[in-house]
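Note that the numbering used here has the sequence shown beginning at 107, numbered continuously upward. Virtual Cβ for every residue (Gly too), placed ideally from N, Cα, C. If you're wondering where the values come from, they're calculated on a predicted model, not measured in any experiment. In what follows, a single structure is set out as structure tokens and then discussed.
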Amino acid sequence: MNNQLKINPLDFYKDPYSYFSNARKISPVLYTELFQRTGWLVTGYKEAELILKDLRFIKEETKVTPPEKLPESIMPAVTLNRKMMLFRDAPDHTRLRNLVNKAFSPRMVENLRATVNEIADYLIENMKGKSTHELIGDFSYLLPVFVITDLLGVPKEDRDLFRNWSDAFIKFIDFNTTIEDLELVTKHIVDASNYFRNLITERRTVPKEDLISNLIVAEESGDKLSEDEMIASCLLLLIAGHETTVNLITNGYYLLLKHPKQFELLKNDLSLIPAAVEEILRYESPVIFTSRWAREDFEFAGNSIKKGDYFMISLGGANYDPKVTTNPETFDITRKNIKHLSFSSGPHFCLGAPLARLEGQIAFEKLTKHLLNPVLIEEPTRRANVAFRGFESLKFEATIQ
């Protein structure tokens, strides 16, 4: 039953898709060892989508597996994570999601278009006067961080704090993290928690027109929301509110630089930008893994599933399923009817998908129009992270107009 996929982490970071393809050829739902875990690796699109929508597959591991003895040193971060809607099931997931849903609805996000345009123009203006650039530090990190911190009500002078906190959180929830790694990043997560606790206390006294103040109003109006859940929600919204977009913009610009014919198509027809964003999301999903646990014993995809079985759902692998996408290894911004699971599916479909799409579309419009003759300076290094697909940096030369 157990098939062990031999994986070199460094090779996996560079190209996870060959591993997913090999697994899919054996079975789209394959029982295997993968990154310190044994469980079901899901690389088929149909199977992944079914799991994400099926309530027999849950997010809360503690409901179906024996308690794991964890070091006290990491428990503050573990406890905070378990309060986040990302790791909760109904009814708690539904309750927490409903409190912030309205702020990320397509209509509310469309109201942010002018703000996102203004921020993007500001960042492009700041890139002028230089011939060499680093996309993440100059643009793709700053754009979504400016947007989400404004939404939350985080003071502008505190934005620089979030890079380390975000990196720590992403490391904490990665699939290939050791206890030693967790101990190193817990301090950053505790610092972030304390920051939001203090900001919430401040907003209780002096409310503003922001999401944190709205959460306080909801709490005081009788909605069941503890302060710890509020802190966890703020941290999750901050991280999820920019991490996906950073990777979307950076991965996408890299793909365009590596596929000059596609880039030329886009330059000549900016109406292709929405389709280009969807193809970038499919081709290089910002998040390539998510997880679930089996709530009970049952049959699925011809396999006998046991309560507590672990599922590693490869969103990136599903996006390359040839049963759904013709020639999935080809990057094609003119592709019709693009299907992908990069924002997940089912109850945990990405709350920020409309905002990420808006930010991505505006970003590629600005980068395409204002960056002339861009050329990579060096081949970028992939982040050493299994679940999140991004780069450490992206250095290039270009003239800004």
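Is residue i helix, strand or coil by DSSP?
{"i": "R188", "result": "helix"}
{"i": "Y359", "result": "helix"}
{"i": "I306", "result": "helix"}
{"i": "H294", "result": "helix"}
{"i": "H454", "result": "helix"}
{"i": "Y137", "result": "strand"}
{"i": "V251", "result": "helix"}
{"i": "R143", "result": "strand"}
{"i": "S377", "result": "helix"}
{"i": "E240", "result": "strand"}
{"i": "T436", "result": "coil"}
{"i": "F320", "result": "Checking the displayed sequence, the identity of residue 320 turns out to be Asn instead of Phe. If DSSP states are grouped into helix, strand and coil, N320 belongs with the helices."}
{"i": "L176", "result": "coil"}
{"i": "F404", "result": "strand"}
{"i": "I483", "result": "coil"}
{"i": "S410", "result": "strand"}
{"i": "V148", "result": "strand"}
{"i": "R203", "result": "helix"}
{"i": "D121", "result": "coil"}
{"i": "E315", "result": "coil"}
{"i": "E390", "result": "coil"}
{"i": "K112", "result": "coil"}
{"i": "S332", "result": "coil"}
{"i": "K442", "result": "coil"}
{"i": "S211", "result": "coil"}
Name the DSSP beta bridge partners of residue i, please?
{"i": "R488", "result": "F497"}
{"i": "S397", "result": "M418"}
{"i": "I164", "result": "W399"}
{"i": "R431", "result": "In the sequence on display, residue 431 carries Thr and not Arg. According to DSSP, T431 bridges with nothing at all."}
{"i": "L478", "result": "T505"}
{"i": "V468", "result": "Sequence inspection shows Ile at residue 468; the Val mentioned does not correspond to that position. For I468, which the question treats as bridged, DSSP gives no partner whatsoever."}
Which residue from the options puts its Cα closest to that of residue i?
{"i": "E402", "options": "Y416, E384, E178", "result": "Y416"}
{"i": "P453", "options": "S124, T185, P197, P122", "result": "P197"}
{"i": "T396", "options": "L192, L477, Q142", "result": "L192"}
{"i": "F502", "options": "K330, N479, A493, F494", "result": "N479"}
{"i": "K165", "options": "Y151, T144, L457, K189", "result": "K189"}
{"i": "L464", "options": "Y151, I379, F404", "result": "I379"}
{"i": "Y125", "options": "T200, E224, Y426", "result": "Y426"}
{"i": "R130", "options": "P428, R219, F449, D438", "result": "P428"}
{"i": "N282", "options": "Q507, I506, F494", "result": "F494"}
{"i": "N304", "options": "N270, D264, L331, E315", "result": "D264"}
{"i": "S179", "options": "H476, I295, H365", "result": "I295"}
{"i": "T292", "options": "L371, V184, K262", "result": "V184"}
{"i": "N374", "options": "P392, I439, D329", "result": "I439"}
{"i": "L473", "options": "E231, N207, T149", "result": "E231"}
{"i": "Y301", "options": "V260, N353, E315", "result": "V260"}
{"i": "G408", "options": "F497, I113, D117, V135", "result": "V135"}
Rounding to the nearest angstrom, what Cα-Cα distance links residue i and residue j in this structure?
{"i": "P177", "j": "Y247", "result": "33 angstroms"}
{"i": "E384", "j": "V253", "result": "21 angstroms"}
{"i": "L186", "j": "P115", "result": "28 angstroms"}
{"i": "S211", "j": "Q142", "result": "38 angstroms"}
{"i": "K236", "j": "I157", "result": "48 angstroms"}
{"i": "P62", "j": "A209", "result": "Residue 62 is absent from the structure shown; the chain starts at 107 and stops at 507."}
{"i": "D256", "j": "S133", "result": "45 angstroms"}
{"i": "E155", "j": "G145", "result": "18 angstroms"}
{"i": "T80", "j": "K445", "result": "The requested residue 80 is not part of the displayed model; the chain covers only 107 to 507."}
{"i": "Q368", "j": "E471", "result": "14 angstroms"}
{"i": "K512", "j": "E485", "result": "As displayed, the chain neither begins before 107 nor continues past 507, which places residue 512 out of reach and without an answer."}
{"i": "Y151", "j": "S451", "result": "11 angstroms"}
{"i": "S410", "j": "F404", "result": "6 angstroms"}
{"i": "S420", "j": "P434", "result": "15 angstroms"}
{"i": "I276", "j": "L249", "result": "19 angstroms"}
{"i": "A504", "j": "K475", "result": "12 angstroms"}
Less than 9 angstroms between the C-beta atoms of residue i and residue j, yes or no?
{"i": "G466", "j": "G358", "result": "yes"}
{"i": "L482", "j": "E240", "result": "no"}
{"i": "I533", "j": "P122", "result": "Outside the shown range of the chain (107 to 507) lies residue 533, about which nothing can therefore be said."}
{"i": "G347", "j": "E390", "result": "no"}
{"i": "L341", "j": "S299", "result": "yes"}
{"i": "L111", "j": "L140", "result": "yes"}
{"i": "L387", "j": "F449", "result": "yes"}
{"i": "F268", "j": "V251", "result": "yes"}
{"i": "F245", "j": "A381", "result": "no"}
{"i": "L344", "j": "W271", "result": "yes"}
{"i": "R194", "j": "L202", "result": "yes"}
{"i": "P392", "j": "T351", "result": "yes"}
{"i": "G414", "j": "T138", "result": "no"}
{"i": "Y119", "j": "R488", "result": "yes"}
{"i": "M233", "j": "L477", "result": "yes"}
{"i": "L461", "j": "L218", "result": "yes"}
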